[in-house]
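Shown next, in structure tokens, is the structure this report addresses.
Structural data, given as structure tokens:
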């Protein structure tokens with residue numbers, strides 16, 4: 007084999023030889039899958055696999071569980087589970103402010119809260135269940151979450167005090183800043 | 212002003228106080244700000260000596276430790292012992308850096324920053340890759356970890372880590388940059404050092420299976436345009452990814468710089484979306500759900516969106532635009548004397564390759580092209596160098612990156628003219644370092 011490359015046409019022979027080898031490798035790699043790009047690795051997911059992890063809630067309300075909540079019950083949940091980090095009325099912090107901030111987004115000191123900034127009410131259920139309270143995520147019941155959402159929306163002046171929040175009503179709530187988001191226009195800075 | 216510990220990318224944490232205490236202890240060992248362009252190993256050698264010996268005793272046994280003790284003693288004492296006249300240390304199963312080396316991440320409760328000013332070349336050592344997490348670093352048993360792919364697919368599937376490692380694999384270098392990196396510079400320049408300002412970017416060699424290969428296995432339905440990626444951390448961190456724009460390059464990764472991912476980087480599995488903002492590169496990846504529309508998670512609505520002066524906010528601002536910075540000399544350094552100095556820096560672009568980096572050493576009046584280290588890779592930190600002779604006079608030095616799309620890194624004024632000062636994320640303006648006559652280097656806005 008090495009003799010093939012000792013003549014004056016060695017370089018050419020090497021290229022041709024390499025080409026043949028590469029073609030063979032290519033053919034083998036194509037044959038390594040099933041011809042449709044599949045490798046038949048992994049196992050089918052069961053409904054149980056999906057149900058235990060599928061906690062995402064869409065703006066349509068898809069994924070919301072049964073249950074309901076009221077503003078008054080939400081006040082209790084808030085005091086017990088949230089006020090320690092977000093302040094007695096949701097405006098104090100020290101962590102993210104949840105209430106207030108109306109008409110501040112276009113000012114020098116914007117305050118981005120649920121009321122002033124969040125575009126979808128359904129995101130509240132998704133986020134509170136998956137990530138809050140910080141020390142015990144995924145510990146709140148659906149009724150507790152619907153209730154604390156009712157309280158937060160009421161404190162932000164978005165729903166009246168007698169509101170009942172559930173899988174039917176939550177997706178229908180129009181958030182004040184829902185039209186406030188635009189797609190990415192970059193590159194946006196004038197070029198020299 | 213952005214408050215300390217509550218910065219632009221700032222989720223505060225209830226455990227802040229506790230972690231701040233840890234940070235204080237951490238900081239007291241080796242203050243990252245105590246540094247200098249000249250090598251001065253004695254300070255940290257003294258401070259760290261006891262800790263080094265204690266750790267070494269566990270690993271090596273007493274005899275070897277005595278040899279190290281002699282050497283450290285020599286290092287901190289009047290005479291420097293000749294290492295050719297004492298036996299060296301034994302082989303070790305997992306290597307450690309030299310006891311004199313002290314580059315460290317700058318740690319805050321839910322993030323840590325890479326010491327870019329102390330690194331060579333383009334690869335970030337895994338132990339120094341920046342961190343950002345939303346409720347701590349989980350410790351995951353790789354044997355139990357699963358990736359579920361479902362939603363708008365023909366065949367919902369579950370993959371073990373071993374399954375994913377069986378697929379055809381790919382390795383590539385890529386930077387990951389937090390969208391909040393450099394965010395302090397939108398407003399006042401309260402921060403002083405390169406690490407503190409720009410340390411939320413790092414480059415690793417990543418290994419994994421192309422996302423496209425795994426998605427072919429489950430059969431993505433034509434109407435599935437978005438993909439929810441979810442982490443297995445205590446924030447169950449989620450982002451919606453517009454797959455058509457990233458499918459050519461996205462990887463599901465298990466390897467980093469030749470070994471398994473570090474826990475801080477998503478062990479045992481993470482998404483890599485080269486060139487896109489760090490938070491979308493979901494770590495500890497456990498689930499991909501295909502959908503027709505974005506899921507509008509909190510991270511892509513309330514958090515990682517860019518507020519403009521008119522009160523609107525930009526959403527799904529994924530690409531990290533071209534950026535560069537001089538890493539040496541940089542803020543907090545002190546140049547020891549006038550004369551030759553190699554200006555060194557890093558440049559990168561989320562849109563592809565860096566084609567040119569210019570440097571100015573006279574407050575931006577004149578610019579000269581720098582030497583760029585080959586190979587230049589797309590969406591990867593790129594090293595540039597510029598030989599310079601400092602005359603001992605006060606001046607300002609800057610760098611400017613141009614990428615393969617022709618995009619030129621803007622000045623701070625150009626950037627703020629369009630986006631104001633409250634957009635928090637994606638700050639990529641030219642960094643200015645002022646050199647004082649005594650050699651001190653400071654962060655300034657010009």
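Chains as they are written, first to last, in this note's numbering: chain A, 7 to 198; chain B, 212 to 657. In this text, a Cβ means the ideal position worked out from N, Cα and C, and glycines have one as well. In this text the structure is predicted, and so the values were computed from the model without any measurement.
Exercise for the section: Give the residues of chain A in contact with residue 386/B, contact being defined as C-beta atoms less than 8 Å apart. Expected result: The premise fails here: residue 386/B is roughly 18 Å from chain A at the closest Cβ pair, so nothing lies under 8 Å.
Practice task
Give the straight-line distance between the Cα atoms of residue 545/B and residue 605/B, rounded to the nearest whole angstrom.
Solution key: Our two residues, residue 545/B and residue 605/B, have alpha carbons roughly 13 Å apart in a direct line.
Exercise for the section: Run down chain A in chain order and give the residues with a C-beta less than 8 Å from the C-beta of residue 531/B. Expected result: Chain-ordered listing is empty here: chain A has no CB closer than 8 Å to the CB of residue 531/B, the nearest sitting near 10 Å.
Handout entry: Residue-level contact to chain A via CB, residue 456/B, 8 Å cutoff
Key = For residue 456/B, the answer is no, since every Cβ of chain A falls outside 8 Å of its Cβ.
Problem - Cβ of residue 520/B within 8 Å of any chain A Cβ - result: The Cβ of residue 520/B sits closer than 8 Å to at least one Cβ of chain A.
Practice task
Using the Cα positions of residue 164/A and residue 321/B, report the straight-line distance between them to the nearest angstrom.
Solution key: Cα atoms of residue 164/A and residue 321/B: separation of roughly 32 Å, rounded to the nearest angstrom.
Exercise for the section: Use the C-beta contact count for residue 576/B: other C-beta atoms within 10 angstroms, 16 or more gives buried, fewer gives exposed. Expected result: So residue 576/B counts as exposed.
Problem - Within chain B, the residues that residue 103/A reaches when beta carbons sit closer than 9 Å - result: Close to residue 103/A, with beta-carbon spacing below 9 Å, lies no residue of chain B; the smallest spacing is near 11 Å.
Exercise for the section: Out of 426/B, 435/B and 509/B, state which residue places its alpha-carbon closest to the alpha-carbon of residue 120/A. Expected result: Looking at the Cα atoms, 509/B is the closest of the given residues.
Problem - Cβ-Cβ distance between residue 537/B and residue 610/B below 8 Å - result: Yes, these two residues count as a Cβ contact at 8 Å.
Exercise for the section: Could you tell me whether the Cβ of residue 641/B comes closer than 8 Å to any Cβ of chain A? Expected result: Output row for residue 641/B: interface = no.
Problem - Neighbour list for residue 145/A in chain B, Cβ cutoff strictly below 8 Å - result: In chain order: nothing, as chain B lies at least about 11 Å away.
Exercise for the section: Can you give me the Cβ contacts of residue 603/B inside the same chain, cut-off strictly under 6 Å, excluding the 5 residues immediately before and after it? Expected result: Cβ neighbours of residue 603/B beyond the five flanking positions: 549.
Practice task
Would you be able to state if there are at least three C-beta pairs under 8 Å between the segment 440 to 450 of chain B and the segment 304 to 312 of chain B?
Solution key: Touching, no.
Handout entry: Residue range of the unbroken beta strand (DSSP E) whose run includes residue 376/B
Key = Unbroken run through residue 376/B is the alpha helix (DSSP H), 372 to 377; no beta strand (DSSP E).
Handout entry: Inter-residue spacing [alpha-carbon to alpha-carbon] between residue 41/A and residue 516/B
Key = Inter-residue distance for residue 41/A and residue 516/B is about 42 Å (C-alpha atoms, whole angstroms).
Exercise for the section: Mind reading off the beta-carbon distance from residue 169/A to residue 180/A? Whole number of angstroms is fine, and I expect it under 8 Å. Expected result: About 13 Å separates the beta carbon of residue 169/A from that of residue 180/A, a gap too long to meet the 8 Å contact definition.
Handout entry: Secondary structure, alpha helix (DSSP H): runs of 4+ residues fully inside the segment 98 to 156 of chain A
Key = Within the segment 98 to 156 of chain A, the complete alpha helix (DSSP H) runs of at least 4 residues are 128 to 137.
Exercise for the section: Inspect the beta-carbon positions of residue 408/B and residue 416/B and report whether they are closer than 8 Å. Expected result: Not a contact, by the Cβ cut-off of 8 Å.
Practice task
Name, going along the chain, the residues of the segment 360 to 392 of chain B whose beta-carbon falls closer than 7 Å to a beta-carbon of chain A.
Solution key: Cβ contacts with chain A come from 361, 366, 367, 368, 369, 370, 374, 377 and 378.
Problem - alpha helix (DSSP H) runs contained entirely in the segment 327 to 398 of chain B, provided each spans 4 or more residues - result: With a minimum length of 4 residues, the continuous alpha helix (DSSP H) runs that stay inside the segment 327 to 398 of chain B are 372 to 377.
Exercise for the section: Determine the direct distance from the alpha carbon of residue 547/B to that of residue 637/B, and round the result to whole angstroms. Expected result: If you draw a straight line from the Cα of residue 637/B to the Cα of residue 547/B, it is about 34 Å long.
Exercise for the section: For the beta strand (DSSP E) holding residue 530/B, just list the boundary residues, first then last. Expected result: Unbroken run through residue 530/B: none, as it is neither H nor E.
Practice task
Would you verify that the beta carbon of residue 598/B is, or is not, closer than 8 Å to some beta carbon of chain A?
Solution key: Chain A, which has no Cβ nearer than 8 Å to the Cβ of residue 598/B, makes this no.
Exercise for the section: Note down, in chain order, all residues in the segment 413 to 431 of chain B with a beta-carbon under 7 Å from any beta-carbon belonging to chain A. Expected result: The residues in question are 427 and 428.
Exercise for the section: Count the other C-beta atoms from every protein chain shown that fall within 10 angstroms of the C-beta of residue 582/B, then say buried if there are 16 or more, exposed otherwise. Expected result: The residue is exposed, with fewer than 16 neighbouring Cβ atoms inside 10 Å.
Practice task
Output, in chain order, the set of chain A residues within a Cβ distance shorter than 8 Å of residue 618/B.
Solution key: Counting only Cβ-Cβ distances below 8 Å, residue 618/B has contacts in chain A at 193 and 197, in chain order.
Problem - One or two residues paired with residue 319/B in a DSSP bridge - result: Per the DSSP secondary-structure output, residue 319/B pairs in a beta bridge with 322/B.
Handout entry: Any chain B beta carbon closer than 8 Å to residue 1/A
Key = Limits of chain A in this structure are 7 at one end and 198 at the other, which puts residue 1/A out of reach.
Problem - Pair within 8 Å by beta-carbon distance, residue 125/A and residue 184/A - result: Cβ atoms of residue 125/A and residue 184/A: closer than 8 Å.
Problem - Test: residue 170/A CB closer than 8 Å to a CB of chain B - result: With 8 Å as the cut-off, residue 170/A does not count as an interface residue toward chain B.
Handout entry: Under the three-state DSSP convention, the category residue 642/B falls into
Key = Shown here, residue 642/B sits in coil according to DSSP, grouped into three states, outside any helix or strand.
Problem - Anticipated Cβ contact below 8 Å, residue 70/A with residue 176/A, distance rounded - result: Contact annotation, residue 70/A with residue 176/A: C-beta distance approximately 6 Å; criterion of less than 8 Å satisfied.
Practice task
Determine the closest residue to residue 524/B out of 189/A, 193/A, 61/A and 83/A, with distance taken between C-alpha atoms.
Solution key: Among 189/A, 193/A, 61/A and 83/A, the Cα nearest to that of residue 524/B belongs to 189/A.
Exercise for the section: For residue 335/B, count neighbouring C-beta atoms within 10 Å of its own C-beta (all shown protein chains included) and say buried if the count is 16 or more, exposed if not. Expected result: Buried: at least 16 other Cβ atoms inside 10 Å.
Practice task
Return the chain-ordered list of same chain residues with a C-beta closer than 8 Å to the C-beta of residue 145/A, the five sequence neighbours on each side being excluded.
Solution key: So the qualifying residues of the chain are 139.
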